[in-house]
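One line per chain: the protein sequences are Y, B, F and A, in this order.
First residue of the first sequence? That's 14 in my numbering, and the numbers climb one at a time after it.
First residue of the second sequence? That's 794 in my numbering, and the numbers climb one at a time after it.
First residue of the third sequence? That's 234 in my numbering, and the numbers climb one at a time after it.
First residue of the fourth sequence? That's 4 in my numbering, and the numbers climb one at a time after it.
Here's the structure we're looking at; comments come further down.
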Amino acid sequence: MNNETASKETILEIRDLKVNIKTDEGTLTAVRGVNLTIKKGETLGLVGESGCGKSLTSKAILGINDKKCKAEGEIIFDAENLGRVNLLSLNPRGKEIRSVRGKQISMIFQEPMVAFSPMYTIGNQINEATLLHITRDKKKAREISLDVMKKVGIANAEKRYDQYPHEFSGGMLQRALIAMALVCSPRLLIADEPTTALDVTIQAQILELMKSLQKDFGMSILFITHDLGTVARMCDRVAVMYLGRIVESAPAVEIYKNPQHPYTRGLIGSVHKIGTKAQERLFSSEGTVPLALNLPAGCGFYDRCSRRIDGVCNVYDPQLVDIGQEHQIACFACTGCPYGKGGKEEKANE
Amino acid sequence: MLKYIGKRMLLFIPTLIIISVVIFFIIQLPPGDYVTSYVAALSAEGETFTAEDIAQLRLQFGLDDPWFVQYFNWVKNIVTRGDFGYSFEYGRSVWSVIMDRLYLTLAVSFVILVFQYGVSLPIGIYCANHQYSVGDYALSFIGFIGTATPNFLLAIIIMYVVYVNTGEVYLGLFSTEMLQNGMRWEYVPEFLGRCLIPLIVIGTSGTCGIIRTVRAQMLDEQARQYTLTARAKGCSEATITYKYCLRAALNPVVSGMAGSLRTIFSGSTVSAIVMNLAIQGPVLLTALKSQDMYLAGTIVLIQAVLVLVGTLLSDIALAWLDPRIRFAERG
Amino acid sequence: MALFKKKTVTDESYYLASQWSLMWRKLKKHKLARFSLGLLLILYLSALFADFIAPYGLEEFSSLYKNTAPTRVYWTDEDGHLSRPYVYKLQKINDKKTFKVIVSEDTSEKYYISFFVPGIEYKLFGLIPTDMHLYGLVNEQGEVDRSARINIFGADSTGADIFSRILFGGRVSLTIPFVSAAISFFLGILLGGISGYFGGVVDNVIQRIIEVLSAIPSIPLWMALSAAIPPGISVSAMYLYITIILSFIGWTGLARVVRGKFIALRKEDYVMAARLAGVSDFKIIVKHLVPGFLSYLIVDLTLGIPGSILGETSMSYLGLGMKAPATSWGVLLKETEDLVSVAQCPWKMIPLIFVIITVLAFNFLGDGLRDAADPYK
Amino acid sequence: MRNIKKWLSLALAVMLCMSATAALAEGATFTEAPFLTEASVYGDVADRLPVASDVMVEDASYLTIGTYGGELRRSAGGGNWDAGKPIEEGLFRFNVSGAVEPNVAKGYAINDDATVYTIYLREGMKWSDGEPFTAEDCVWFYNAVCLNKVDGKGVRNCHKDANGDPAVVEKVDDTTFTVTFGTPKYDFIEALTVDLKWHFAPKHIFEEMVQAVIDGKDEEALAAGKAICGTEFSDVAKMGKELLYHFWNYPGVPTLNPYVLSTEEGKNSIKGEYYEFVRNPYYWKVDTAGQQLPYIDKIIYTTVSNVDQQLMLLLDGTVDYQTVAMESIPTILESETAINIYEWSGGDWGDVGTQLHFNLNVADEHLNALFNNIDFRHAMSICVDREEFAGLYSDGWLSGGQAAPQKGNQGYSEEWASKWTEYDVDGARKLFESAGLVMGTDGFYDFADGTDFVLNIVSVADNGAADTYKILEPYFRAAGIKCTFKDSDRSNIDNDLMANAIEAMLFPVTGIGDISIVLKPNSMVPGYATNVAWYGTMDETTATGDLLKLIELKKELDVTVDPDKREEIALQMLKLHEENMWTLAYVEASSTYHAVNARIKNFLEQGVWSDIYRDMGIAHVQCWYIEE
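Structure (structure tokens):
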């Protein structure tokens, strides 16, 4: 946790991001107005269960979401070459966004086994970003790649460079993937559950690696996970996401000490008290986020919330509210209804 | 890799033996033999035969042996003397008959193969990149019509339309004039024009299938994680399409190539009759009908061997294209 | 501590639905597939009810209507008033000078189009004897007169109604692919399964057989096999032979796919588990392996059907398929194989439209099925 | 052969005419085609022709004086007779009116008892390679080739006397040879014209090869054969037949024909995509203006694979001449190319496509008895509505008919031509019953013992029989006859014929009938050869009744030399046919239609299509010329 390096300078600011997905049954709003800021050198953890929209948010930053997804809102990035620019306003296939991808913002994906094309050598695929953004000289690019590979702890890098993905173990592939993401020294690294697919010992190694690399490269990290334990290890700040919304946001220490939102508390509870059946259910398939197609009015967590206030939580939509110490929360139970009657009301669709 | 090729080559030999037996068996399966068709053809011209004549002919053509003896002799001569037997119909050695049309046949088949892939790869890629667009539907539709219309009918329709509009009948690859005077530079445009109809007719029958394979494969590949990785790296869409997706999508396309060759051989037989192409197909059909069995057998054998070699080559190409296969075979 | 209440899932059925009903749901959303399915349903129904819908039988020949164009239907009478639709009978003159057969309408009597008129007798579904046909002509006195014809798609060289022949031909052309696909299906699964599941020598032998069969061009195979068809057999027997010939060639591709799937699936944990639990090989294949890729096979099958339809037309062209008086679409298309037919009787190509529609429909349906069968899309 | 009798008596009385040089204008000089002049290797045309008095003049009244040059463009299915018959030159030939006239021979003489024929040749006549054509070529051909069966055919019937012994052929001088028979042979000349046609081969080319064959030196013979034509033959029998019987098909074999196959590579194989026959510079016929024939320089052939393609090439003007099916005529007349259609009559007994033949020697006892029962055949004939059938069959162009000599041919009688043609299903049923059939419960006739009667009809594939059967079968079915149909390749059919495995045949391998039963009785007599499909393998050992009589009559005809007697026998044979109606036909014979590009002149507008007349050969292609 590099509190010292965390300056006031914002590198990325997400304002009211919405991601709509066209499906056969209609348009589904999967991300429903997310606001986030990431500061230089900071690690922001984005936490939430599967399908809450955290991956969509991260992909929206790079503009690499599926064609069916449409992002609205603003994602302001402090780009080296373009200045402060709304990434969403750029053509997702255009040159400008591509100059940002890989070079200034890069991404680590959850499953290293499928993140590489089986057809090309690891070296070839790591090289690609270097060749695109830094140098056209293949020899130089190779040197850069080898250098990064060594940095991420790939032993025998020279030999590994010419091997194919299927010759790598999962952990090794994840290292290669990190090397690929870091090869251009990006200013922002998005790590989308980088350790989920790996076993525990490897997980720890990778996380340590990322931490040390962040120090070396001085970059910001958006760390996406569903695992609060990891967040505690990695992040300066944490934003908790539920059903396409940020429900709580606070410095990492604060959130562990003083979780406010019932969902966050549940999450933390589940970390602390593994084995409690009722809480396990939260992460079981049955208890996943409801289909976002016909969301009922009110708080998305209403159905599952133990502290719900009938007549408020199922009628009004809670917004993020500052509760001090950079701690924000969207919950009527914790903050009281900020609107009163005539607030933002959504009728149930039933 | 070499070991893999070697292993495949070894497997090639028993396959070849089985295939030659099967072919010979199939060819002599229909009732009657060349003598009966020979007698029939000449009877039609007013000649007369007696039973002794016919027995004599059979003896002369070596057709009174059981089929496996005939097979054995045939293969023995191929192996020991490179002699594929004698065409009763042409009164010449089978090999010389085949040589008449071999180059043109190979050229036509090759051009069609290139045409099929040359047309369907870009279209398949386009359709995948523009899934559910008007262009996608339109091209698929045209492709389907090409596939769904039997070759012979498509050939007749095209020839008729051309005839009605230009008054010209494009039969065969060479006009009478070309045959009379030999090929000259001034005939090249007309020759190319003549090539077009067979190309369309035989080509389209397989094109649709390849387009669909390419399209489906491309769509599959586009949905894979590594395209996302590449995109996140800042790769252009072209790089993603051609370097990543296409490369992976080529696998089934390549492995289908030998099958395409076989379809071309069969497809061109029917079309070549309709369009009067001087390629092997019609010769094969007549040979099959008139029980000119060594000729028919040799042509079928050559085609089958070409398909087998095609399969072998495409398997090797596959191994070369896909490192996973390459390494699996190595290990 | 009950922090969370159980989430109530509004549409429980979505999660509980079987694979098949999920496929069906997805399929219903695929517009083109749905449309194709509807189209195929119509085609199959019209083949089923061919006796009833077709105004004429296959052997209702007429020298008067030989090679005549689609019958012109009049909607207005001489004064231009809207009228009950009617047609005129034809008359023919052979012009010895131009060698042309001049066909004209005999306007002396009108023949009205009428529904549910009696015609030749048939047995509906082979059971119920009746002579009722969907439509036909009646003369001005309201009596059925079968000397005048209404051929909406024109008539062939025997004066038979092409529309009726298309319907009857559909019976053959729409079912042969199914039967032959079923045989291919069986052979493919059986041999591909054996090959993939057991591996080793068995696999090698089957692979060689497949290799040999798929290397031999289809024409000699067809010729040899159809030469083996004895003379004087009935239409249904001929039908059987053709399906067998077609499927004999068709199974190899499927067997390859099945084998590949088996090899992949063999390594799956649940198969291993079943094995360890002492389940017999056959049971494993039938209970565990086959359902694992059945959806794939169904798709493969759907996409293979157009090939069989076209195979049947090719066989007919080479004179190896169905023969008159039996009718199939291939037989109908063979009748357009010469220039004179194309030039003088273009309506004889109408069956082609049906072939194309069917092939398209099966392909789109297959597309839809493939999308539906793929849970990740 | 309407006036054959008149002609024969004339032949007996006079030593026959030299050819009609009188038609040539007095003092006319011979001229040649610019094609030959330009080549300037052939020398003076007069030196190439026979002596002036022996030059043959084509002087048929319908001919006009033509101009030289151009190509006659044809398409071919690779059939060798198609190219051969039009250019064939025999010693004698039939003219348009059906009379035999001298051709290669200048004339002949016959002794009183018709045992010795003296044939006179044209003096100074040359082979197409410039070597002299003499009596030696004729005598050698008979003695070396025919007597030793080197050409695969051997001694033809025309050379056999009443005892079946071969004639003796001797050379008298360079232009004269004699043919001597052991017994009188009145019909030698016409039989020669039908059976053998030519009576010669270029001895200077083939002597060595033929001698090697006779001596059994196969290798040597094959080498000699290859040296002649460049083709490697598998065996001497095949080679002999090809080079001496199908000789026009091989480059480098000299002929007397107006056109010879090109020797140029790429144009010299009749199995190739393209081949051409070029004019014979030594051709021995001239027109009435003294111009050496032929007018047209070349006949070029483009090989096609089917009739439809021939039609297409005709339509687009790439091909000048083609026989065509009637239904394609409207399309032809509509095309932009100016094409004339000419109708020729033929000799078939009813339309071949509707001829139904029963195997009277079928192995099955029931069937045998049935087919030999006249009532059955009668019933099979009258159970078809001929007018409707003919309408369906020919779209109204032909009327119903019967298997009988057609109008204008020998043996025609209106009575016969319309015998058993009245449509009468009830009558047919009665006749079936009187033929011993019993109506079964299934609505079809069975044999008296209750076994199923099924009429199994076969035919050759791709000849339209399937379509004919399709419209014929409902009539049979309506009359209570269950039948099946299978068409298969010609070779299979012939195989089955030889195995006597065929019961009935529609559109047979060879139809019944020709323009003259006297000249060509083969196709009217059972068991004569394999090509007589309709009687299976019947011969006199199995035949009974009228059939036996027919066979005996044919044998008698073979050895009868008196023309009156011959005609009498022929008429008796016809009478037997008329009485028994062994073969049925349902539609009158169709004509042969010739589509001729309008630029071709001198086409024979009204001819007779018959193998005896060498089909298109009687149109004398050497007299055609091109006028653009």
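Positions of the beta carbon are idealized from the N, C-alpha and C atoms, including for glycine.
Counted within 10 angstroms of its Cβ, other Cβ atoms place residue i as buried (16 or more) or exposed
| i | result |
| --- | --- |
| V310/F | In the sequence under discussion, the amino acid at residue 310/F is Asp, which differs from the Val named in the question. Result: exposed. |
| D1085/B | buried |
| W201/A | buried |
| V355/A | buried |
| L314/A | buried |
| N283/A | buried |
| M865/B | Per the sequence presented here, residue 865/B reads as Phe, with Met not at that position. Looking at its Cβ environment, which holds fewer than 16 other Cβ atoms inside 10 Å, F865/B is exposed. |
| Q292/Y | Confidence at Q292/Y is low in this model, with a pLDDT of 41, below 50, so its placement is unreliable and no value can be given for it. |
| W978/B | exposed |
| V611/A | buried |
| D330/Y | buried |
| F419/F | exposed |
| R987/B | buried |
| A902/B | The question names Ala, yet the displayed sequence has Ser at residue 902/B. Burial call: buried. |
| G313/F | exposed |
| P807/B | exposed |
| R317/F | exposed |
| T533/A | Note that T533/A has pLDDT 38, beneath the 50 cutoff, so the model's placement of it is unreliable and no number is given. |
Beta-ladder partner(s) of residue i, from DSSP
| i | result |
| --- | --- |
| N459/A | T487/A |
| K301/A | E74/A and V281/A |
| P187/A | Answer is none; P187/A lacks a bridge partner. |
| A598/A | Q325/A and I344/A |
| A245/Y | Bridge partners of A245/Y: none, in fact. |
Whole-number beta carbon distance between residue j and residue i, since they are thought to touch under 8 angstroms
| i | j | result |
| --- | --- | --- |
| F401/F | A497/F | About 44 angstroms separates the two Cβ atoms, so there is no contact after all. |
| T179/A | L124/A | 7 angstroms |
| E570/A | Q295/A | Incorrect: roughly 40 angstroms between the Cβ atoms, too far for contact. |
| V3/A | V239/A | An answer regarding residue 3/A cannot be provided, because it is not within the stretch 4 to 631 covered by chain A. |
Open item on the list: For the segment 48-60 of chain Y against the segment 231-242 of chain Y, do three or more pairs of beta-carbon atoms, one drawn from each stretch, fall closer than 8 angstroms, so that the two count as touching?
Closed with: yes
Task: Members of the segment 332-353 of chain A near chain F, C-beta cut-off 9 angstroms - done: I332, P333, T334, I335, L336, E337 and I344
Task: Residues of the segment 542-553 of chain F with Cβ closer than 8 angstroms to any Cβ of chain A, in chain order - done: G552
TODO: Evaluate contact between the segment 501-518 of chain F and the segment 451-461 of chain F, counting only Cβ atoms and requiring at least three cross-stretch pairs below 8 angstroms.
DONE: no
TODO: Can you give me, in chain order, the residues of the segment 467-496 of chain A that have a beta carbon less than 8 angstroms from any beta carbon in chain F?
DONE: A469, D470, Y472, K473, I474, E476, P477, T487, F488, K489, D490, S491 and N495
TODO: For the segment 574-583 of chain F and the segment 944-955 of chain B, state whether three or more C-beta atom pairs, one from each stretch, are separated by less than 8 angstroms.
DONE: In short, these stretches touch, since the Cβ pair count reaches three.
Task: Stretch pair the segment 436-452 of chain A + the segment 398-405 of chain A: three plus CB contacts closer than 8 angstroms - done: no
Task: Contacting positions in the segment 1012-1038 of chain B - beta carbon closer than 7 angstroms to chain Y - done: R1017, Q1018, Y1019, L1021, T1022, R1024, A1025, K1026, G1027, C1028, S1029, E1030 and Y1037
Task: Three or more C-beta pairs below 8 angstroms linking the segment 271-280 of chain F and the segment 580-595 of chain F - done: yes
Open item on the list: Three Cβ pairs or more, each shorter than 8 angstroms: is that satisfied between the segment 123-136 of chain Y and the segment 1036-1052 of chain B?
Closed with: yes
TODO: Taking 8 angstroms as the threshold, find out whether the segment 59-75 of chain A comes into contact with the segment 284-291 of chain A through three or more Cβ pairs.
DONE: yes
Open item on the list: For the segment 342-353 of chain F against the segment 254-269 of chain F, do three or more pairs of beta-carbon atoms, one drawn from each stretch, fall closer than 8 angstroms, so that the two count as touching?
Closed with: no
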